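Here the structure comes first, spelled out in structure tokens, and everything after it is commentary.
2 protein chains.
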Amino acid sequence: MNAQPPIPRADIERRGLRDLVYEHILEILLTGEISPGERVSIDGLARQLNVSPTPVREALVDLERTGLVVREALRGYRVSPPLERGQLQELFIARETVETTATRLATPADDELLRALADAHAEHEKAGDRVRETTEQSNKATDTPEEARRIQVSAAQEYFARDRDFHDRILEHCGNRYLVKMSQDLGAQVHRLRQALPHGITDVAEALAEHRAIIEAFASPDSTAPEAAMRHHIRMVAHRALVEDPQTPIQENHEDP
Amino acid sequence: MNAQPPIPRADIERRGLRDLVYEHILEILLTGEISPGERVSIDGLARQLNVSPTPVREALVDLERTGLVVREALRGYRVSPPLERGQLQELFIARETVETTATRLATPADDELLRALADAHAEHEKAGDRVRETTEQSNKATDTPEEARRIQVSAAQEYFARDRDFHDRILEHCGNRYLVKMSQDLGAQVHRLRQALPHGITDVAEALAEHRAIIEAFASPDSTAPEAAMRHHIRMVAHRALVEDPQTPIQENHEDP
DNA sequence: TCCGGACAAATCCTATAGGATCTATGAAAT
DNA sequence: ATTTCATAGATCCTATAGGATTTGTCCGGA
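Line by line, the protein sequences give chains A and B. Once you know that position 120 of the first sequence is 118 in this note's numbering, the rest is easy, because the numbers rise by one and skip nothing. Once you know that position 213 of the second sequence is 211 in this note's numbering, the rest is easy, because the numbers rise by one and skip nothing.
In structure tokens:
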């Protein structure tokens, strides 16, 4: 006679204050409230969130591993500086390595994956439409400039989230937890890359077309097609980021001599 | 009159207590002082190391990301359970993905890499000889059994360290920091794998021969040879771990239904 | 004008204390 | 004998306090 349900604590949210603080700081970092290179005060965050420094400390140790913040002993944490061009190239190579392997492992795609990809792609298209609407709207003067800017940023974030969802669907079906973890770790870096791009999203049509090609490759009988489509997609993304925007800040990090 | 040298803190070790605690706990985990699944007490470690719980906490957050310990909110940390067979297979696939890519990127090898690999391989051979000596010595009764066992474990650890050094030399020359980080993250898992193998090292000759083949591939003019040699090596390691030891504990993790 | 040193404020880092939660032991009831 | 409940101990978690270090500012000298 067990009065408790058979699954008393398998699903319930069991997270300490540390996890809540982590998500809050992550939100701050992802919205770009603090500029790269700027200090991230432990006590300051603790005061801002009305908690003690201890959970803030634990959350920052976790964030340090993601690469979003860097730590210098006895000097505190800082928001990681923007990616330099060399790091960008390395990042895309790493992504290509992980995601093409995951795509190959997910081939042939089962119906569940095909359905998940179709759904994710539909959402991605919606977000893409909204990005285009907002960029057009910004020309009109219906809203205040800052309000228009806010909506535009919101649309861009939604777009990137749906983009990532698409890739995550494939990852989830590759059957390799280590590749999934690697991709997640790289994801934080990818976000830094996007944050470093000051201008809006200019390749909505291209990206959506490449995603569509990946779906069609999964639907085709050619078992080498999905991996090839994914490789092409990531290389094109890299090309657009590296070649079409050669003026991206190539700030070199000079160590103190 | 500046008594301090002109470069007072560019190279000197600038690490807080947290890093020292981290290394100490890592040492405890790697030597297997605590069995998998057993609890890792925060306060207990703090008392054992004569420090306060705060730095222990930070070190454990860091260790959690490596996968060596797992955390359950409000219930503390535990040593991660041994790898199941499925995880093993996934781990080898992930390693093959990362290391073959790194090998390809390190091709063609410059003289520095060739020299580094030759040196690392020489050390690896020495460690291999010592492993064979100690396993033979264990038959003789010159030392006490526990002393012989201790020497044997020490030789095995040295052997694994030199093995890893060999792979790290290639990683260092691939020019991609993200692949390096991925390989390091996987390294902790690989250690868990080795710790799960109760018997001694039985493939010294094979592993050394495969490493030698990788060196020769780097020296050959065929630019596809090194990657192929590395892929063959990792697949053979996986084969020996998965096929020759089919009796390894295949404990399945049943989630509570 | 530029450079170096001293003081003050802020920050990081560690230690200690107390409340909340979990685990284990043992007794009582069915 | 098995189960249920209650109590005690241990552990985790958070908050607060104080020492050590860094950083910013100001001032005097070259």
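All C-beta atoms in this analysis are idealised placements derived from N, C-alpha and C, irrespective of residue type, glycine included. These numbers come from a predicted model, not from an experiment.
Have a look at residue i and residue j and give me their C-alpha separation to the nearest angstrom.
i: His237 (chain A); j: Ala205 (chain A); result: 12 Å
i: Val202 (chain A); j: Asp220 (chain A); result: 27 Å
i: Ala223 (chain A); j: Glu225 (chain B); result: 23 Å
i: Leu191 (chain B); j: Ile232 (chain B); result: 14 Å
i: Ala104 (chain A); j: His171 (chain A); result: 6 Å
i: Arg76 (chain A); j: Asp161 (chain A); result: 28 Å
i: Gln257 (chain A); j: Ile26 (chain A); result: Residue 257 (chain A) lies beyond the residue range present for chain A, which begins at -1 and ends at 255; the question has no answer from this structure.
i: Glu94 (chain A); j: Val96 (chain B); result: 11 Å
i: Arg63 (chain A); j: Arg63 (chain B); result: 8 Å
i: Ala107 (chain B); j: Ala125 (chain B); result: 25 Å
i: Ala186 (chain B); j: Gly65 (chain B); result: 7 Å
i: Ala118 (chain A); j: Ala211 (chain B); result: 45 Å
i: Ser39 (chain B); j: Gly74 (chain B); result: 7 Å
i: Leu240 (chain A); j: Asp183 (chain B); result: 28 Å
i: Val129 (chain A); j: His209 (chain A); result: 17 Å
i: Leu169 (chain A); j: Phe158 (chain A); result: 17 Å
i: Ile32 (chain B); j: Glu134 (chain B); result: 28 Å
i: Met234 (chain B); j: Ile23 (chain A); result: 44 Å
i: Arg37 (chain A); j: Thr142 (chain B); result: 57 Å
i: Asp109 (chain B); j: Ala44 (chain A); result: 52 Å
i: Lys179 (chain B); j: Lys179 (chain A); result: 12 Å
i: Gln245 (chain B); j: Thr101 (chain B); result: Only weak support exists for where Gln245 (chain B) lies, its pLDDT of 46 falling under 50; the value from the coordinates is given anyway. Gln245 (chain B) and Thr101 (chain B): Cα-Cα distance of roughly 32 Å.
i: Asp41 (chain A); j: Gln46 (chain B); result: 29 Å
i: Arg148 (chain B); j: Thr132 (chain B); result: 10 Å
i: Gly30 (chain A); j: Ser181 (chain B); result: 30 Å
i: Glu21 (chain A); j: His230 (chain A); result: 34 Å
i: Glu123 (chain B); j: Glu156 (chain B); result: 11 Å
i: Ser152 (chain A); j: Ala215 (chain A); result: 31 Å
i: Glu253 (chain A); j: Pro34 (chain A); result: Because Glu253 (chain A) carries a pLDDT of 33, less than 50, the predicted location of this residue cannot be relied on, and the following value inherits that uncertainty. If you take the alpha carbons of Glu253 (chain A) and Pro34 (chain A), they lie about 17 Å apart.
i: Thr200 (chain B); j: Asp127 (chain B); result: 12 Å
Can you check DSSP and say which residues form a bridge with residue i?
i: Glu70 (chain A); result: A:Gly74
i: Val38 (chain B); result: B:Tyr75
Taking residue i and residue j to be in contact with their CB atoms under 8 Å, please state how far apart those CB atoms are, rounded to whole angstroms.
i: Val49 (chain B); j: Val19 (chain B); result: 6 Å
i: Thr98 (chain B); j: Met228 (chain B); result: 5 Å
i: Gly14 (chain B); j: Leu72 (chain A); result: 6 Å
i: Ala146 (chain B); j: Gly198 (chain B); result: Not quite, the Cβ-Cβ distance comes to about 12 Å (not below 8 Å), so this is no contact.
i: Glu121 (chain A); j: Asp163 (chain A); result: 7 Å
i: Val54 (chain A); j: Leu61 (chain A); result: In fact, because the Cβ distance is near 10 Å, the residues do not count as touching under 8 Å.
i: Arg16 (chain A); j: Glu56 (chain A); result: 5 Å
i: Leu177 (chain A); j: Ala92 (chain B); result: 6 Å
i: Leu112 (chain B); j: Ala217 (chain B); result: 7 Å
i: Ala114 (chain B); j: Ile213 (chain B); result: So it is not a contact: roughly 10 Å between Cβ atoms.
Checklist entry - Taking contact to mean at least 3 C-beta pairs separated by less than 8 Å, is the region 81 to 97 of chain A in contact with the region 170 to 184 of chain B? => result A contact between stretches requires three or more CB pairs, one per stretch, nearer than 8 Å, and the region 81 to 97 of chain A meets this requirement with the region 170 to 184 of chain B.
Checklist entry - Quick one, which residues of the region 188 to 217 of chain A are near chain B if we go by CB-CB under 7 Å, in chain order? => result The region 188 to 217 of chain A vs chain B, Cβ under 7 Å: nothing.
Item to check | Proximal residues, the region 87 to 111 of chain B versus chain A, C-beta separation under 8 Å | outcome: Within the region 87 to 111 of chain B, the qualifying residues are Glu88, Leu89, Ile91, Ala92, Thr95, Val96, Thr99 and Leu103.
Checklist entry - Using 8 Å as the threshold, is the region 181 to 191 of chain B in touch with the region 66 to 81 of chain B, meaning 3 or more CB pairs across them? => result Using a C-beta cut-off of 8 Å, the region 181 to 191 of chain B makes contact with the region 66 to 81 of chain B, since at least three inter-stretch Cβ pairs fall below that distance.
Item to check | Interface positions of the region 33 to 62 of chain A facing chain B (Cβ-Cβ less than 7 Å), listed along the chain | outcome: For the region 33 to 62 of chain A, the residues whose beta carbon sits under 7 Å from a beta carbon of chain B are, in order, Thr52, Arg55, Glu56, Val59 and Asp60.
Checklist entry - Taking Cβ-Cβ distances below 9 Å as the criterion, which residues of the region 160 to 183 of chain A are in contact with chain B? => result Taking 9 Å as the Cβ-Cβ cut-off against chain B, the residues of the region 160 to 183 of chain A that qualify are Gly173, Asn174, Arg175, Tyr176, Leu177, Lys179, Met180 and Asp183.
Checklist entry - Given a limit of 8 Å on CB to CB distance, which residues of the region 68 to 82 of chain B reach chain A? => result Taking 8 Å as the Cβ-Cβ cut-off against chain A, the residues of the region 68 to 82 of chain B that qualify are Glu70, Ala71 and Leu72.
Next on the checklist: Closer than 9 Å between beta carbons: that is the criterion. Which residues of the region 12 to 26 of chain A meet it against chain B?
Outcome noted: Answer in chain order: Arg12, Arg13, Gly14, Arg16 and Asp17.
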